[in-house]
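Here's the structure we're looking at; comments come further down.
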Amino acid sequence: MLTSLVSQFGDPAQVIVSAERPLPEPGPGQVRVKLVLSPIHNHDLMLVSGRYGVMPPLPMVPGTEALGVVDALGEGVSTLAIGQRVAGSASGAWAEYYLGTAAGLVPVPDSVDDATASQIVSMPISAYRLLYEMDVKAGDWIVLNAANGLVGKILNWLAAERGIHVINLVRRAEAVEELQALGIGNAIVTEGDDWKDKAAALTGGAPIKRAIDSIGGRAANDLMDLLGNEGWFISFGALSGKPLEFDAGAILFKQAVVKGFWAAKPSSIMTPEQIRAGIIELVTRAAKGQLKLPYAKTFPLSRAADAMRASAEMGRGAKIGLTAG
Numbered sequence: 037m038l039t040s041l042v043s044q045f046g047d048p049a050q051v052i053v054s055a056e057r058p059l060p061e062p063g064p065g066q067v068r069v070k071l072v073l074s075p076i077h078n079h080d081l082m083l084v085s086g087r088y089g090v091m092p093p094l095p096m097v098p099g100t101e102a103l104g105v106v107d108a109l110g111e112g113v114s115t116l117a118i119g120q121r122v123a124g125s126a127s128g129a130w131a132e133y134y135l136g137t138a139a140g141l142v143p144v145p146d147s148v149d150d151a152t153a154s155q156i157v158s159m160p161i162s163a164y165r166l167l168y169e170m171d172v173k174a175g176d177w178i179v180l181n182a183a184n185g186l187v188g189k190i191l192n193w194l195a196a197e198r199g200i201h202v203i204n205l206v207r208r209a210e211a212v213e214e215l216q217a218l219g220i221g222n223a224i225v226t227e228g229d230d231w232k233d234k235a236a237a238l239t240g241g242a243p244i245k246r247a248i249d250s251i252g253g254r255a256a257n258d259l260m261d262l263l264g265n266e267g268w269f270i271s272f273g274a275l276s277g278k279p280l281e282f283d284a285g286a287i288l289f290k291q292a293v294v295k296g297f298w299a300a301k302p303s304s305i306m307t308p309e310q311i312r313a314g315i316i317e318l319v320t321r322a323a324k325g326q327l328k329l330p331y332a333k334t335f336p337l338s339r340a341a342d343a344m345r346a347s348a349e350m351g352r353g354a355k356i357g358l359t360a361g
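When you line the sequence shown up against this note's numbering, it's residues 37 to 361, in that order.
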């Protein structure tokens with residue numbers, strides 16, 4: 037079968053190659069799935085580049101989420117059936133066939149389009165968990181950068197339903213228009229000398245309780261400047277590839293809490309049952325047409341290197357995907 041193979045860590049566009057590999061056999065509790073569509077997430081790129089929280093053995097086939105059709109059942113699997121359309125966590129999804137645990141896959145109705153179904157777990161559930169674990173309530177204010185990313189959009193929709201206010205920081209005026217088209221407001225472009233004043237003015241004097249950083253570098257201190265006393269700074273990603281930079285006084289005198297969020301680590305607050313209920317809620321919304329997650333562009337597995345390059349481009353507005361075709 038055709039796969040996207042990585043034999044050394046490095047620039048994803050340089051180290052990923054198309055290669056034939058044996059068809060994987062599902063073990064107990066697993067299923068083999070025929071690939072339909074898989075998103076390229078930032079954590080996938082970090083994994084390939086060797087900058088992730090775990091270092092898998094090489095060679096490896098990346099890809100941690102996908103939509104596909106069940107092709108074979110492992111021992112003890114009774115909740116899924118061959119030919120069933122499923123989405124969710126995967127192992128080595130950038131291949132014509134990949135393995136997943138039956139417990140980690142969710143049946144997807146035909147009313148959910150392929151693009152949405154293939155992205156419906158990883159980033160949406162990260163947003164779902166993040167909002168839950170931030171311990172905020174109706175009327176509270178939070179701020180996040182890279183707000184036009186998928187997590188930012190989902191977080192805004194979930195927060196709005198719960199009465200939580202969000203300030204959305206973006207780097208381009210086009211991103212403000214993109215968010216407005218989705219019904220997401222309070223977007224501020226982080227250019228000029230007065231953007232922090234504009235952001236702070238949105239709250240009408242209310243403190244910002246939580247700040248979510250997906251960029252790293254000096255952008256972290258910008259968020260810390262906006263954060264209220266005893267607020268939480270949450271490191272969610274590192275798009276810049278740079279270490280977090282803070283002025284000591286900003287943390288010290290605000291008595292701020294700095295913490296990380298890693299969705300790959302089991303939640304100490306949400307139970308597996310609550311997380312699965314969140315997935316079912318998202319699938320239900322998608323089936324009703326209330327949740328759409330398009331791609332900027334898709335590539336076949338044979339052009340995986342091109343897909344990696346496309347994923348590195350700024351201003352895409354949506355993710356890049358890989359198909360088996």
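Glycine residues also receive a C-beta, built at the ideal position from the N, C-alpha and C atoms.
Cα-Cα separation, residue i to residue j
i	j	result
Ala247	Lys234	16 angstroms
Glu214	Gly110	44 angstroms
Trp193	Thr320	15 angstroms
Met159	Gly241	31 angstroms
Leu116	Val106	8 angstroms
Tyr88	Ala340	20 angstroms
Val122	Arg198	29 angstroms
Val97	Gly175	44 angstroms
Leu41	Val53	5 angstroms
Leu38	Ser114	28 angstroms
Ile220	Gly188	10 angstroms
Ala217	Leu94	43 angstroms
Arg165	Leu275	20 angstroms
Nearest to residue i (by Cα), restricted to the options the options
i	options	result
Pro330	Lys355, Ile316 and Glu309	Lys355
Ala343	Leu59, His77, Leu38 and Ile305	His77
Gly361	Glu349, Pro336, Ala348 and Arg352	Pro336
Ala102	Tyr88, Thr137 and Val113	Thr137
Pro302	Leu327, Glu169, Pro243 and Lys189	Glu169
Leu263	Thr239, Thr152, Asp47 and Asp150	Thr239
Ala209	Lys290, Ala182, Pro92 and Val202	Ala182
Glu349	Gly124, Lys328 and Pro48	Pro48
Ser154	Arg345, Thr334, Arg57 and Ala346	Thr334
Lys328	Ile270, His79, Asn222 and Ser147	Ser147
Met260	Phe297, Leu180 and Gly273	Leu180
Residue burial classification, residue i (beta-carbon count within 10 angstroms, cutoff 16)
i	result
Ala195	buried
Val212	buried
Pro145	exposed
Asp230	exposed
Lys324	exposed
Gly252	buried
Asn265	exposed
Leu288	exposed
Trp130	buried
Leu280	buried
Contacts around residue i, its chain only, beta-carbon distance under 6 angstroms, and the 5 residues preceding and following it disregarded
i	result
Arg352	Ala332
Trp268	Arg246 and Val293
Ile190	Pro160 and Ala163
Cut-off 7 angstroms between Cβ atoms - residues of its own chain near residue i, not counting five sequence neighbours on either side
i	result
Val172	Ile178, Ile200, Lys245 and Arg246
Ile315	Val142, Val157 and Ile161
Pro62	Arg68, Ala108, Leu109, Gly110 and Leu135
Asp80	Pro98, Gly99 and Thr100
Assumed close pair residue i, residue j - CB separation to whole angstroms, cut-off 8 angstroms
i	j	result
Leu73	Asp150	5 angstroms
Ala322	Thr152	5 angstroms
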